[in-house]
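Asker: The structure is given below, and queries will be raised subsequently.
Number of protein chains: 2
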Amino acid sequence: MALHEVIAESIREQIRVGELTIGSALPSESQLCERWKSSRGPVRQALATLRAEGVITGGSGKPPVVCTTSIPQPFDSLLSYSAWARAIGRSAGQRTLELALRPADPLVAPKLGIDEGARVVQVLRLRYLDGERAMLERATFVEHVGRLLFDFDCDSGSIWAYLQSRGVNFSTASHIIDAVAADPLDSEHLEVTEGSPLLRQQRTARTADGEVIEYHDDRYLPGMVSFSLENTLDVRTSLMRNAKP
Amino acid sequence: MALHEVIAESIREQIRVGELTIGSALPSESQLCERWKSSRGPVRQALATLRAEGVITGGSGKPPVVCTTSIPQPFDSLLSYSAWARAIGRSAGQRTLELALRPADPLVAPKLGIDEGARVVQVLRLRYLDGERAMLERATFVEHVGRLLFDFDCDSGSIWAYLQSRGVNFSTASHIIDAVAADPLDSEHLEVTEGSPLLRQQRTARTADGEVIEYHDDRYLPGMVSFSLENTLDVRTSLMRNAKP
DNA sequence: TGACCGGACCTGTCATGACAGGTATCGTCA
DNA sequence: TGACGATACCTGTCATGACAGGTCCGGTCA
Numbered sequence: 030m031a032l033h034e035v036i037a038e039s040i041r042e043q044i045r046v047g048e049l050t051i052g053s054a055l056p057s058e059s060q061l062c063e064r065w066k067s068s069r070g071p072v073r074q075a076l077a078t079l080r081a082e083g084v085i086t087g088g089s090g091k092p093p094v095v096c097t098t099s100i101p102q103p104f105d106s107l108l109s110y111s112a113w114a115r116a117i118g119r120s121a122g123q124r125t126l127e128l129a130l131r132p133a134d135p136l137v138a139p140k141l142g143i144d145e146g147a148r149v150v151q152v153l154r155l156r157y158l159d160g161e162r163a164m165l166e167r168a169t170f171v172e173h174v175g176r177l178l179f180d181f182d183c184d185s186g187s188i189w190a191y192l193q194s195r196g197v198n199f200s201t202a203s204h205i206i207d208a209v210a211a212d213p214l215d216s217e218h219l220e221v222t223e224g225s226p227l228l229r230q231q232r233t234a235r236t237a238d239g240e241v242i243e244y245h246d247d248r249y250l251p252g253m254v255s256f257s258l259e260n261t262l263d264v265r266t267s268l269m270r271n272a273k274p
Numbered sequence: 030m031a032l033h034e035v036i037a038e039s040i041r042e043q044i045r046v047g048e049l050t051i052g053s054a055l056p057s058e059s060q061l062c063e064r065w066k067s068s069r070g071p072v073r074q075a076l077a078t079l080r081a082e083g084v085i086t087g088g089s090g091k092p093p094v095v096c097t098t099s100i101p102q103p104f105d106s107l108l109s110y111s112a113w114a115r116a117i118g119r120s121a122g123q124r125t126l127e128l129a130l131r132p133a134d135p136l137v138a139p140k141l142g143i144d145e146g147a148r149v150v151q152v153l154r155l156r157y158l159d160g161e162r163a164m165l166e167r168a169t170f171v172e173h174v175g176r177l178l179f180d181f182d183c184d185s186g187s188i189w190a191y192l193q194s195r196g197v198n199f200s201t202a203s204h205i206i207d208a209v210a211a212d213p214l215d216s217e218h219l220e221v222t223e224g225s226p227l228l229r230q231q232r233t234a235r236t237a238d239g240e241v242i243e244y245h246d247d248r249y250l251p252g253m254v255s256f257s258l259e260n261t262l263d264v265r266t267s268l269m270r271n272a273k274p
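Chains E and Z, in that order, give the protein sequences.
If you count the first sequence from 1, position 116 lands on 145 in my numbering, and the numbers rise without skipping.
If you count the second sequence from 1, position 81 lands on 110 in my numbering, and the numbers rise without skipping.
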């Protein structure tokens, strides 16, 4: 691991354990240089990373200041429900309701960038958090990836971790967050009345080549899950508010 | 404006106008150095910024590659509905339903970090996008800031811009996104049936000193607005998924 | 023809040095 | 005692140089 990553992770750790609390000032750059026996480069790179994450702010004459205690989660926490639950110290559970190979319907085909009717593998899972119903997951995989799932017990854990172990490497993902009314399927499995509000996270995941591999439509029980973000003046946030046409 | 900012903005602009499309490779660092007659430092800093924004990816032997066409919006786009609408080329409208000075109720007091019963100024506005109903905004300001609003015509435009012009400087903000059922008030003004799903964005905005100034509870009509995010392997995202206890 | 290897090129990483500009503190002077 | 100004310190910014490691292409050899 590169030095600047070590430094950044060390500071994140200090925040995590409460050694650095919100509002407390970090050591100055020169002190950090001495502490890590490095030049100013890696130290500044580490601070820049933390600044881009919205963890620290300030500067310009003042030493940097911690401005949040919520440490951004790594890549997989937004992609893998299991990895996320583990990261926050909760337990994830799942019950597979369906695993099917079928032609892509008109809704998912454009999301995956494939022709309507091309074969896809679809998984329907009910997901739990600490044993409580939390989310209904509709996952669609392109055929050559989805086929791997027939050798996997989807009840046993993370599909994402399994696919990674089989050499499927996710690299980028797009997320869309909105609210929808529970349809009959949601209603049945999440045990809410039809039409009641659900928080939806749609996502498409791609490999480094840009090939779309999976499309998710995850619907959370409000009251169980939400999304949050810290926002500072000097950093452009990757979260965007969109208007639908 | 610093050179690295100029370079970053220039690349963003090239993406905006379509000169650089998704998947197309950027010029190499050395070419950019020559183009801007600068050393490698500013160029790398610009690329690092864009990478943190999730705009470009790649590297490590390969020249960087554009991986999204959605350019992150600056700070104010997540805080000001009017600024956001302008940024995406839509028109924002508003009708003020209420402007009141009253004691803080038990819901907003903890959000603002003030005592229950301390006075706050609350604004209720119905907001339009291109003339269509889009969102019901419940804004609460601490007294000394909110008082400024009594000198302002809330129907005329951006409260945020007005407060800035009066010297109120926002610096950081926290956002929580979830889904809620329309309550009677939502139902009446957004013209949906009670209990139907709404996308909610709660936010608290603070000054550089950390003083909380405003709390918003904005409820969007789903189908009008959503939130989106690009996510890459090597960058920690500031968006977090949270479990409610 | 296909596999393999080497070199050109690129980025990642780090060191060192330098100057400008903002911040805060402390001492001085009115 | 209070206001003001100089100074030390800090960060922002940029230049230059260097080496390691990854990628890609083309040429060579089997």
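Idealized CB from N, CA, C, for every residue including glycine.
Kindly indicate which residue of 255(Z), 261(Z), 269(Z) and 251(Z) has the alpha-carbon position closest to the one of residue 238(E).
Answerer: 261(Z)
Asker: Is it right to say residue 118(E) is buried, meaning 16 or more other beta carbons lie within 10 angstroms of its own, or is it exposed?
Answerer: By the neighbour-count rule (16 or more Cβ atoms within 10 Å), residue 118(E) is not buried but exposed.
Asker: Taking only three categories from DSSP, how would you classify residue 165(E)?
Answerer: strand
Asker: Please identify the residue among 63(Z), 77(Z) and 106(Z) whose C-alpha is closest to the C-alpha of residue 34(Z).
Answerer: 77(Z)
Asker: Go to residue 71(E), then tell me how far its alpha helix (DSSP H) extends in each direction, as first and last residue.
Answerer: 69-81
Asker: Curious, which full-length alpha helix (DSSP H) runs of at least 4 residues does the segment 162-248 of chain Z contain?
Answerer: 172-175, 188-194 and 213-219
Asker: Measure the alpha-carbon distance for residue 139(E) versus residue 145(E) and round it to whole angstroms.
Answerer: 8 Å
Asker: Quick one: what does DSSP say residue 85(Z) is sitting in, helix, strand or coil?
Answerer: Residue 85(Z): strand per DSSP, three-state reduction.
Asker: According to the Cβ coordinates, are residue 202(E) and residue 234(E) closer than 7 Å?
Answerer: yes
Asker: Mind checking residue 36(E): buried by the 16 CB within 10 Å criterion, or exposed?
Answerer: buried
Asker: Could one say the Cβ of residue 101(E) lies closer than 7 Å to chain Z's Cβ atoms, at least one of them?
Answerer: So, interface residue.
Asker: Check whether the Cβ atoms of residue 150(E) and residue 178(E) sit closer than 7 Å, and answer yes or no.
Answerer: yes
Asker: In the DSSP output, which residue or residues are listed as bridge partners for residue 254(E)?
Answerer: 272(Z)
Asker: To the nearest angstrom, how far is the alpha carbon of residue 111(E) from that of residue 120(E)?
Answerer: 8 Å
Asker: Touch check for the segment 218-228 of chain Z and the segment 213-230 of chain E: three-plus C-beta pairs under 8 Å?
Answerer: yes
Asker: Give me the residue from 68(E), 98(E) and 65(E) with the minimum Cα distance to residue 49(E).
Answerer: Of the candidates 68(E), 98(E) and 65(E), the one whose C-alpha sits nearest the C-alpha of residue 49(E) is 98(E).
Asker: Return the Cβ separation of residue 275(E) and residue 266(Z) in integer angstroms, given the expectation that the two are a contact with Cβ distance under 8 Å.
Answerer: The structure shown has nothing for residue 275(E), since chain E only spans 30 to 274.
Asker: How many angstroms separate the CA atom of residue 43(E) from the CA atom of residue 199(Z)?
Answerer: 27 Å
Asker: In chain E, what lies closer than 7 Å to residue 242(Z) by C-beta?
Answerer: In chain order: nothing, as chain E lies at least about 13 Å away.
Asker: Count the other CB atoms, across all protein chains shown, that sit within 10 Å of the CB of residue 161(Z); report buried if there are 16 or more and exposed otherwise.
Answerer: exposed
Asker: Can you tell me which of 173(E), 64(E) and 187(E) puts its alpha carbon nearest to the alpha carbon of residue 147(E)?
Answerer: When each option's Cα is compared against that of residue 147(E), the closest is 173(E).
Asker: What separation, rounded to the nearest whole angstrom, lies between the Cα atoms of residue 15(E) and residue 62(E)?
Answerer: Any question about residue 15(E) goes unanswered here, given that chain E covers just 30 to 274.
Asker: Under 7 Å, do residue 152(Z) and residue 128(Z) count as touching if we go by C-beta distance?
Answerer: Result yes, Cβ atoms of residue 152(Z) and residue 128(Z) sit closer than 7 Å.
Asker: In chain order, what residues of the segment 193-217 of chain E put their CB closer than 9 Å to some CB of chain Z?
Answerer: 198, 199, 200, 201, 202, 203, 204, 205, 206, 207, 208, 209, 210 and 211
Asker: Cβ closer than 7 Å: which chain Z residues qualify as neighbours of residue 82(E)?
Answerer: 265 and 267
Asker: DSSP on residue 141(Z), reduced to helix/strand/coil?
Answerer: helix
Asker: Which stretch, first to last residue, makes up the alpha helix (DSSP H) that contains residue 60(Z)?
Answerer: That run of the alpha helix (DSSP H) goes 58-65.
Asker: Buried or exposed: where does residue 54(E) fall if 16 or more other Cβ atoms within 10 Å of its Cβ makes it buried?
Answerer: exposed
Asker: Relative to the alpha-carbon of residue 208(Z), which residue among 256(Z), 105(Z), 100(Z) and 156(Z) has its alpha-carbon at the smallest distance?
Answerer: 256(Z)
Asker: For residue 226(E), decide whether its Cβ has a neighbour in chain Z, counting only Cβ atoms nearer than 7 Å.
Answerer: yes
Asker: Give a yes or no on whether 7 Å exceeds the smallest Cβ distance from residue 272(E) to chain Z.
Answerer: yes
Asker: Using the beta-carbon of each residue, which ones in chain Z are nearer than 9 Å to residue 259(E)?
Answerer: 201, 202, 203, 204, 267 and 269
Asker: Roughly how many whole angstroms lie between the Cα atoms of residue 126(E) and residue 175(E)?
Answerer: It is roughly 16 Å from the alpha-carbon of residue 126(E) to the alpha-carbon of residue 175(E).
Asker: Is there a Cβ from chain Z that is less than 7 Å from the Cβ of residue 251(E)?
Answerer: yes
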